[in-house]
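In the numbering used here, the protein residues as written are 16 to 109.
From the three backbone atoms N, C-alpha and C, an ideal C-beta is built for every residue, glycine too.
Computed from a predicted structure; not experimentally measured.
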Amino acid sequence: MAAVFHGLPAPEGVERRTLYASKFRTIFTYRMNLADLDLQLQRLLADRSWAIRLDERVSLTGKLDVSNDGRVVHVSMEPCNNPMFSTMKYWIDM
């Protein structure tokens, strides 16, 4: 099932779970490392014509801003305690 936040789909990934969802923020966890999750996100952005406006990540951890048709969605990617699990957050400015 596709999860979409303000027009930006979430990568399907492996064992994606939605921990929290509101109209301002969504938090997903994945059973995959950051490198694999980033690869899926990059493909998704390219396929859906989303552009990276700002990338502040270091070693794939941190925040990036993506935009499409004037919409800006902030994305944060972080590893969990186990390196085979990752967290991805989407949010918008209010």
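- The beta-carbon separation of M109 and F20, rounded to 14 Å, does not stay under the 8 Å limit for a contact.
- Residue range 49–62 is occupied by the alpha helix (DSSP H) that includes L56.
- The way I'd put it, the segment 39–49 does touch the segment 84–98; three or more beta-carbon pairs between them come closer than 8 Å.
- In the three-state reduction of the DSSP assignment, M103 falls in the strand class, which pools E and B.
- By the neighbour-count definition (other C-beta atoms within 10 Å, threshold 16), M103 is a buried residue.
- In the structure shown, R40 adopts extended strand secondary structure according to DSSP, grouped into three states.
- For E93, the three-state secondary structure derived from DSSP is strand.
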